[in-house]
Every structure is written in C-alpha cells, then in structure tokens.
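Asker: What follows is a structure written as structure tokens; I'll ask about it next.
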Amino acid sequence: MLADLDALIVVSSPWYDGASAAGQTLEWLANNGFTGLLHRTVVVLNDSDGHAARRDRALLAERFGGRGQKVIEMPFDEHLRPGGVIDVKDEINRVTRRRLMELAAACAEHFAATADRPRATG
C-alpha cells in the first residue's frame, strides 16, 4: 500500500514523546526502502490542547524540517479537539483554516500527474 501513495501525512504532538513516535515512523520509512515516500511526507505538529511551548514547537519543526520533510504547525482550535465531522468553512478559526489549506497544498504537490504513471519506490 505504501508504494502506491502520492503523499503521506504524519501527525505528531508538539511534545517529545509524540515527536519520538513520529520520528520512528520516518526512520522506518527510510530503513525499509521508502525514501521516495519519505520525501513526499508532511509532518503535522498538532497542538491539540494549546499548551505546547513555542520553543518546543520551533525545535521540533526544525528537527523534522532538517530531515527534509515539510512541517505544518496546526494551532489549537477548540473545534478540532473533539474530532468527528468538522465544517471547515464555518467552524474553525482563520489560522487553522489557513494551515489546513497549506497541508492540502503540500500533499497536492506530490499527486501523480496521471493515474497510470508508475511511482518510483526509492
């Protein structure tokens, strides 16, 4: 399944325990022949409760970005916290909406030009 992906989103908390799990995912991709997908991976630092320190978020963004991944910092938004269906037009704040658009654009950069184009695995 991974070989067929145009892009991958890895969501991480902005704390080191969650970031460690995200880092392990990226390492697994690198060590298991998915370096092409690794370069098409976007890391989302999701501040799910609004308590992440700016310094920690910046360090993690730098760490993931230094590995070549695009990093999107998703701010706390009370409408995202419960999960479920979200009306992105009316229910989320302006900054969150902007970040979701950035995430969509970052993934869309890697969409195959045609449906039958072979995807490089490496």
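Quick note, the sequence shown lines up with residues 199 to 320 if you use our numbering.
Cβ coordinates follow ideal geometry from the N, Cα and C atoms, glycine included.
Bear in mind that the values here come from a model prediction, so they are computed numbers and not experimental data.
Where are the alpha helix (DSSP H) runs, 4 residues long or more, that stay fully inside the stretch 250-293, in chain order?
Answerer: 252-263
Asker: Taking the C-alpha atoms as reference points, what is the distance between A256 and V269?
Answerer: Here residue 256 corresponds to residue number 58 of the sequence shown, with the count starting at 1. Here residue 269 corresponds to residue number 71 of the sequence shown, with the count starting at 1. Rounded to the nearest angstrom, the two C-alpha atoms are 10 Å apart.
Asker: Which residue comes first and which comes last in the beta strand (DSSP E) that contains N229?
Answerer: Against the sequence shown, residue 229 aligns to sequence position 31. Careful: N229 lies outside any beta strand (DSSP E), inside the alpha helix (DSSP H) at 214-229.
Asker: Would D245 and F274 qualify as a contact pair, given that the criterion is a beta-carbon distance under 7 Å?
Answerer: Counted from its first residue, the sequence shown places residue 245 at position 47. Counted from its first residue, the sequence shown places residue 274 at position 76. Yes, the pair counts as a contact, with Cβ atoms nearer than the cut-off.
Asker: Measure the alpha-carbon distance for H249 versus T294 and round it to whole angstroms.
Answerer: Your numbering for residue 249 matches position 51 in the sequence shown. Your numbering for residue 294 matches position 96 in the sequence shown. In a straight line, the C-alpha of H249 is about 16 Å away from that of T294.
Asker: For A228 and chain C, any beta-carbon pair shorter than 7 Å?
Answerer: Note that chain C does not occur in the displayed structure, where there is just one protein chain.
Asker: Between V324 and T239, which are expected to be in contact by the criterion C-beta below 8 Å, what is the C-beta distance as a whole number of angstroms?
Answerer: With the chain covering only 199 through 320, there is no way to say anything about residue 324.
Asker: Kindly indicate which three-state DSSP category L235 falls into: helix, strand or coil?
Answerer: Locating residue 235 in the sequence shown gives position 37, counting from the first residue. In this structure, L235 counts as helix in the three-state DSSP scheme.
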